[in-house]
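Report on the following structure.
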Ligand SMILES: [Ca+2]
Ligand SMILES: [Ca+2]
Ligand SMILES: [Ca+2]
Ligand SMILES: [Ca+2]
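So, in structure tokens, the structure goes:
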């Protein structure tokens with residue numbers, strides 16, 4: 006299943022926070038039967054504590070980790086832009102292309118049209134992983150990443166499982182016929198060790214890493230290459246252009262003075278310039294709710310203790 010923007014939610018902790026806040030508020034109101042109210046209060050707090058514990062235990066059991074994938078376009082202004090980024094978490098065996106080999110349909114669609122349906126389908130039928138999705142760019146109807154853009158998405162994976170230890174990605178370079186970037190080596194980015202411990206990861210995609218899918222001739226024609234032409238998106242019909250029938254190669258670069266480099270809007274889009282940087286991809290772990298639950302749990306204990314003290318105090322007065 007393609008997860009577009011999977012987000013981790015924690016209704017239990019939130020509900021419990023609301024519950025505790027409600028109890029605290031209730032406690033400020035005049036009470037006709039203080040003893041009965043405190044008993045009920047104690048029961049509620051205890052129920053909350055058990056809810057916390059069960060939540061804590063269930064999270065420990067599955068080792069759910071929320072990962073944030075941040076994508077930045079770090080090309081210069083008037084440089085390349087690129088599509089939303091497809092990402093997949095897998096066991097090290099999801100290999101969607103090889104340099105020197107013909108592209109499969111998944112890569113052809115990704116590189117020519119930024120269409121991720123085929124790669125997602127391939128991923129989910131590969132049994133190499135269970136979580137994939139898209140990091141969308143911040144602006145516009147097609148959510149691309151323009152120079153200076155940055156956006157992120159979160160994904161929930163289980164780091165204790167072998168099928169979540171490696172990270173793969175791919176995006177279309179724009180404008181282009183079939184330029185893209187992605188990892189040829191499925192073992193290139195290990196994000197969990199054998200013990201399920203997350204390994205923070207950040208890397209830069211260079212212009213030298215940009216590849217040609219070998220599926221469409223690089224004619225840079227405005228009707229064939231997406232992003233070329235008077236409007237960037239006048240060519241959204243899939244699979245346009247002339248079949249190349251080639252293999253995946255390091256991209257030779259755009260045509261000097263052609264429809265891309267000759268356009269002032271893309272004056273700095275020659276990614277073959279030494280040191281040219283295209284993208285930065287960073288994977289971090291979002292702090293787990295265990296800390297929050299711990300605080301709520303300790304808060305509950307403190308609250309019970311405080312209520313007990315008050316109860317004793319009021320008894321001695323009576
Ligand atoms: Ca490969
Ligand atoms: Ca090509
Ligand atoms: Ca094609
Ligand atoms: Ca095309």
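Residue numbers (my numbering): 6 to 323.
We put the CB at the ideal spot given by N, CA and C, even for glycine.
Opposing strand residues paired with residue i [DSSP bridges]
i           : result
residue 256 : DSSP lists no partner for residue 256.
residue 79  : BP columns for residue 79 are empty, so no partner.
residue 137 : 93
residue 285 : 77 and 209
residue 272 : Partner(s): none; residue 272 has no beta bridge.
residue 217 : 184 and 254
residue 290 : 72
residue 101 : For residue 101, which the question treats as bridged, DSSP gives no partner whatsoever.
residue 179 : 86
residue 173 : 93
residue 203 : 197
residue 231 : 181
Collapsed DSSP secondary structure at residue i in the structure displayed
i           : result
residue 249 : coil
residue 118 : helix
residue 158 : strand
residue 212 : helix
residue 165 : coil
residue 132 : coil
residue 152 : coil
residue 192 : coil
residue 124 : helix
residue 266 : coil
Alpha-carbon spacing of residue i relative to residue j, whole angstroms
i           : j           : result
residue 71  : residue 120 : 26 angstroms
residue 59  : residue 165 : Here residue 59 scores only 41 on pLDDT, less than 50, and its place in the model should not be relied on; the value that follows carries that caveat. Cα to Cα, the separation comes out at about 19 angstroms.
residue 146 : residue 285 : 22 angstroms
residue 76  : residue 112 : 20 angstroms
residue 276 : residue 122 : 27 angstroms
residue 324 : residue 150 : Missing from the structure shown is residue 324; the chain here goes from 6 to 323 and no further.
residue 217 : residue 127 : 20 angstroms
residue 255 : residue 247 : 19 angstroms
residue 265 : residue 184 : 13 angstroms
residue 279 : residue 187 : 19 angstroms
residue 206 : residue 125 : 23 angstroms
residue 230 : residue 293 : 43 angstroms
residue 215 : residue 201 : 32 angstroms
residue 96  : residue 116 : 24 angstroms
residue 134 : residue 159 : 16 angstroms
residue 192 : residue 94  : 11 angstroms
residue 79  : residue 88  : 14 angstroms
residue 130 : residue 144 : 31 angstroms
residue 3   : residue 85  : Any answer about residue 3 is impossible in this case: the structure gives the chain only from 6 up to 323.
residue 182 : residue 283 : 17 angstroms
residue 98  : residue 155 : 29 angstroms
residue 242 : residue 221 : 14 angstroms
residue 92  : residue 252 : 23 angstroms
residue 208 : residue 195 : 12 angstroms
residue 103 : residue 291 : 33 angstroms
residue 281 : residue 175 : 18 angstroms
residue 2   : residue 118 : Residue 2 lies beyond the residue range present for the chain, which begins at 6 and ends at 323; the question has no answer from this structure.
residue 167 : residue 199 : 8 angstroms
For residue i, the nearest candidate out of the options (CA to CA)
i           : options               : result
residue 261 : 89, 286, 234 and 223  : 223
residue 173 : 231, 279, 136 and 149 : 136
residue 267 : 280, 225 and 292      : 225
residue 257 : 219, 250 and 84       : 219
residue 288 : 170, 112 and 148      : 170
residue 69  : 144, 281 and 197      : 197
residue 141 : 291, 177 and 133      : 177
residue 157 : 273, 90 and 244       : 90
residue 270 : 96, 233 and 290       : 233
residue 259 : 180, 189 and 292      : 180
residue 82  : 214, 124, 125 and 152 : 152
residue 244 : 291, 273 and 114      : 114
residue 227 : 250, 192, 263 and 204 : 263
residue 250 : 105, 273 and 195      : 105
residue 132 : 139, 108 and 100      : 100
residue 138 : 108, 209, 73 and 253  : 73
residue 109 : 161, 199, 189 and 213 : 189
residue 161 : 118, 148 and 203      : 203
Any non-hydrogen atom of ligand 5 within 7 angstroms of residue i CB
i           : result
residue 244 : Inclusion of ligand 5 in the displayed structure is not the case, the ligand content consisting of ligand 1, ligand 2, ligand 3 and ligand 4 alone.
Residues surrounding ligand 1 [beta-carbon distance to nearest heavy atom under 5 angstroms]: 100, 103 and 189
In chain order, what residues place their C-beta within less than 7 angstroms of a heavy atom belonging to ligand 2? 182, 183, 217, 218, 219, 220, 221, 222, 223, 249 and 251
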